[in-house]
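J.:
Numbering (my numbering), first residue to last: 842 to 1415.
Set out below in structure tokens:
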């Protein structure tokens, strides 16, 4: 019976009467006073067991935010979690029947008299509140899920059946009989969860390893070597290099041409662009500065500087890293400034460059590559495709070589920071350029936003990362495994933008003494994690073994909202 009955004396006598009232009321409900289930309509059927709409609505009313509409719950994924929870509960109930697990009337009455309401929620899902808020954490896990309803008289603090009955009927829209039936199912499902997770053990050594992994910290010296810098400043983008690539990769260029030939037509100007952009609404000083730079580059072009080299080094357009080639200039597709550029091009011959042209985008210098036959357009287009591919490949190889040179220099006793500066200076490609152009290009390369740069990382743990963008997930662990400070990982590490060089600067390992201070909390957290993992695997096996799980389309999250039943109780009333 109820826990309070075990306290004896007067309380036992009073509570005995209360329990008799509860039992009598339930007996009346069993004789037919309760609200009937919705016939054979099911939210979901699990191995032939029908989960009624009342179960679905009860769970929504129990844990959804007050006043939340069906549309809001559907959008957040809440309804989908409700269906998953009911499926998991039914699977656990079937398992309970197989294992002979049940709860006694006394245990059930004890929970009801305390106002405790048990419910199910998917073990891998975020908690109900987190789902509604759109957060991925905290995860439900294997924790016991309980909420409370009011069942006590505020004056006497004693259980009050009328209050209990009103709470169930008004908040959950159920009769006491139905509610008790659902709670019996929930308690049995909870028993199975407890049985599954009871065998979970956490060795202290495993807990210490996790503590050491998360609490130990290191810092590293890093160099981010982006291939984009090498594309603009360090590799050969000449016609000769492009032709050599095209010859070696003919099939690749043929395929690329099929997708790009619409941009290389005979009836429009084929151009390359050197753009010096300014921000919208730029002040007069900024515009004047950019115009002065454009005039300077125009003079360098007149003095014989290669257009593609200047566009790659100084241009701001998306095409700059490959020499600024746009292909067919269509004013409508180009957008703002397209008409002004076409007007300027109408005054030059193929092979010539325009003057400095101002548009809303900035200051432009254009080179007219050609405006001839279809054969000439295809020749130029194929050459440009080969140039871009050749530059991309060469830049990746150059970035890797640069990283290898840094590693070799540090292993030879050099400092990483100074080695970066020296290797950057020697990597800028200036052969064939006169002194003025070479100097300008080198200075620009050193100040570029994507220049290889030396940095000292923030402190990181074994389970985090020394720097963003690394492809491998084990880099931090590899840094911690370096035996001594100033050791470095002896090969370039791939990133999503190129390569990285990483050298250990300092590491501080978590101690056993630190672990002992936090051991209880840490081991409890690890136990909770392992219990959740065990229960997740168990539920997955039950789902795999289930011969049939059928979701009613009206409750299927993928079904359009209009197809849902027009149940007046379907809106959460909290």
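Cβ coordinates follow ideal geometry from the N, Cα and C atoms, glycine included.
Just so it is clear, the structure is predicted and the values come from calculations on it, not from any experiment.
1. Residues in its own chain within less than 6 Å of residue 1221 by CB, not counting five upstream and five downstream?
2. Would residue 923 pass as a contact of residue 957 if the rule is Cβ separation under 9 Å?
3. Using DSSP with H/G/I as helix, E/B as strand and the rest coil, what is residue 1312?
4. How should residue 1138 be labelled, buried or exposed, when 16 other C-beta atoms within 10 angstroms of its C-beta is the threshold for buried?
5. Cutting at 8 Å between CB atoms, please list the residues of its own chain near residue 1084, excluding the five before and the five after it.
6. Could you check the C-alpha separation between residue 1313 and residue 1336 for me, to the nearest Å?
7. What are the boundary residues of the alpha helix (DSSP H) that includes residue 1138?
8. Residue 1341 and residue 1237: beta carbons closer than 9 Å?
9. Would DSSP call residue 1205 helix, strand or coil?
10. Could you check which residue in 1309, 1333, 1304 and 1069 has the C-alpha nearest to that of residue 1321?
11. Among 1104, 1133 and 1108, which residue has its Cα nearest to the Cα of residue 1174?
12. Give me, in chain order, the residues of the same chain whose beta-carbon lies closer than 8 Å to that of residue 1217; leave out the 5 immediate sequence neighbours on both sides.
13. Pick from 952, 947, 1365 and 1352: whose alpha carbon is nearest that of residue 1058?
14. Would you report the Cα separation of residue 1361 and residue 1046, rounded to the nearest angstrom?
15. Look up residue 986 in the DSSP assignment and say whether it is helix, strand or coil.
16. Counting C-beta neighbours from all protein chains within 10 Å, is the total for residue 929 16 or more, i.e. buried, or is it exposed?
17. Under 8 Å, with one C-beta from each stretch per pair, do the segment 987–997 and the segment 939–959 reach the 3-pair mark?
18. Please check the pair residue 1294 and residue 920, which I expect to be a contact at CB under 8 Å, by giving their CB distance rounded to whole angstroms.
19. Expressed to the nearest angstrom, what Euclidean distance is found between the alpha-carbon atoms of residue 876 and residue 984?
20. Provide the residue span of the alpha helix (DSSP H) that contains residue 1288, from first to last.
21. Residue range of the beta strand (DSSP E) that residue 993 falls in?
22. Should residue 978 go down as buried or exposed, given a rule of 16 or more other Cβ atoms within 10 Å for buried?
23. Which value, in whole angstroms, describes the spacing of the CA atoms of residue 1297 and residue 1099?
24. Can you give, in chain order, each stretch of the alpha helix (DSSP H) that sits fully within the segment 1175–1263 and has at least 4 residues?
25. Whose CA, out of 890, 1134, 1326 and 1089, lies closest to the CA of residue 1203?
26. Using a Cβ-based criterion (distance less than 8 Å to any ligand heavy atom), does residue 1159 qualify as near the ligand PLP?
27. How long is the line joining the alpha carbons of residue 1052 and residue 1333, rounded to whole angstroms?
28. Let me know if residue 933 comes out buried or exposed under the rule of 16 or more other beta-carbons within 10 Å of its beta-carbon.
29. My understanding is that residue 1371 touches residue 1043, with C-beta atoms under 8 Å, so please give their C-beta distance in whole angstroms.
30. By a C-beta neighbour count over all protein chains shown, 10 Å radius and 16 as the cutoff for buried, is residue 1326 buried or exposed?
31. How many Å lie between residue 1096 and residue 1233 at the Cα?
T.: Taking the definition as stated:
1. Counted from its first residue, the chain shown places residue 1221 at position 380. Cβ within range, chain order: 1111, 1210 and 1211.
2. Translated into the one-based positions of the chain shown, residue 923 becomes position 82. Translated into the one-based positions of the chain shown, residue 957 becomes position 116. Contact: no.
3. Indexing the chain shown from 1 puts residue 1312 at position 471. Residue 1312: coil per DSSP, three-state reduction.
4. Position 297 of the chain shown, counting from 1, holds the residue named residue 1138. Buried is the call here.
5. The residue given as residue 1084 occupies position 243 in the chain shown. The answer, listed in chain order, is 1224 and 1227.
6. In the chain shown, counting from the first residue as 1, residue 1313 sits at position 472. In the chain shown, counting from the first residue as 1, residue 1336 sits at position 495. Cα to Cα, the separation comes out at about 8 Å.
7. In the chain shown, counting from the first residue as 1, residue 1138 sits at position 297. Unbroken alpha helix (DSSP H) run through residue 1138: 1125–1143.
8. Counting from 1 along the chain shown, the entry for residue 1341 is found at position 500. Counting from 1 along the chain shown, the entry for residue 1237 is found at position 396. It is not a contact, given that the beta carbons lie outside the stated cut-off.
9. Indexing the chain shown from 1 puts residue 1205 at position 364. DSSP places residue 1205 in strand when its eight states are reduced to three.
10. Position 480 of the chain shown, counting from 1, holds the residue named residue 1321. Comparing Cα-Cα distances from residue 1321 to each of 1309, 1333, 1304 and 1069, the minimum goes to 1304.
11. Residue mapping note: residue 1174 aligns to position 333 of the chain shown, counting from 1. Of the listed residues, the one whose Cα sits closest to residue 1174 is 1104.
12. Start at 1 with the first residue of the chain shown, and residue 1217 comes out as number 376. Within the same chain, residue 1217 has close Cβ partners 1107 and 1211.
13. Along the chain shown, read from residue 1 onward, the residue named residue 1058 stands at position 217. Checked all of 952, 947, 1365 and 1352; the closest Cα to residue 1058 is 1352.
14. Along the chain shown, one-based indexing puts residue 1361 at 520. Along the chain shown, one-based indexing puts residue 1046 at 205. Approximately 13 Å between the Cα atoms of the pair.
15. Counting from 1 along the chain shown, the entry for residue 986 is found at position 145. Note: residue 986 maps to coil in three-state DSSP.
16. Working through the chain shown from its first residue, we reach residue 929 at position 88. Here residue 929 is buried, its C-beta having at least 16 other C-beta atoms within 10 Å.
17. yes
18. In the chain shown, residue 1294 corresponds to position 453, counting from 1. In the chain shown, residue 920 corresponds to position 79, counting from 1. Their Cβ separation, rounded to whole angstroms, is 49 Å, which puts residue 1294 and residue 920 out of contact at 8 Å.
19. As a working note, residue 876 is residue 35 in the chain shown. As a working note, residue 984 is residue 143 in the chain shown. Caution applies to residue 876, whose pLDDT of 31 falls short of 50 and renders its modelled position unreliable; the value that the coordinates give is listed next. Those two C-alpha atoms are separated by around 32 Å.
20. In the chain shown, residue 1288 corresponds to position 447, counting from 1. Its alpha helix (DSSP H) spans residues 1276–1288.
21. Numbered from 1 along the chain shown, position 152 holds the residue referred to as residue 993. That residue, residue 993, is in no beta strand (DSSP E); it is neither H nor E in DSSP.
22. Taking the first residue of the chain shown as 1, we reach residue 978 at position 137. It is exposed - the Cβ of residue 978 has fewer than 16 other Cβ atoms within 10 Å.
23. Along the chain shown, read from residue 1 onward, the residue named residue 1297 stands at position 456. Along the chain shown, read from residue 1 onward, the residue named residue 1099 stands at position 258. Distance between the alpha carbons of residue 1297 and residue 1099 is about 46 Å.
24. Fully contained in the segment 1175–1263 are the following alpha helix (DSSP H) runs of length 4 or more, in chain order: 1179–1186 and 1215–1252.
25. What you label residue 1203 is simply residue 362 of the chain shown in a count that begins at 1. It is 1134 whose Cα lies nearest to the Cα of residue 1203.
26. Absence of the ligand PLP from the depicted structure is noted, as is the absence of any ligand whatsoever, leaving it without description.
27. The residue you call residue 1052 lines up with position 211 of the chain shown. The residue you call residue 1333 lines up with position 492 of the chain shown. Going from the Cα of residue 1052 to the Cα of residue 1333 covers about 30 Å.
28. Here residue 933 refers to the residue found at position 92 when the chain shown is read from its first residue. Buried: at least 16 other Cβ atoms inside 10 Å.
29. For this step, residue 1371 is matched to residue 530 along the chain shown. For this step, residue 1043 is matched to residue 202 along the chain shown. Going by Cβ atoms, the distance from residue 1371 to residue 1043 rounds to 6 Å, so yes, they are a contact pair.
30. The residue you call residue 1326 lines up with position 485 of the chain shown. By the neighbour-count rule (16 or more Cβ atoms within 10 Å), residue 1326 is not buried but exposed.
31. As a working mapping, residue 1096 is identified with position 255 in the chain shown. As a working mapping, residue 1233 is identified with position 392 in the chain shown. Approximately 17 Å between the Cα atoms of the pair.
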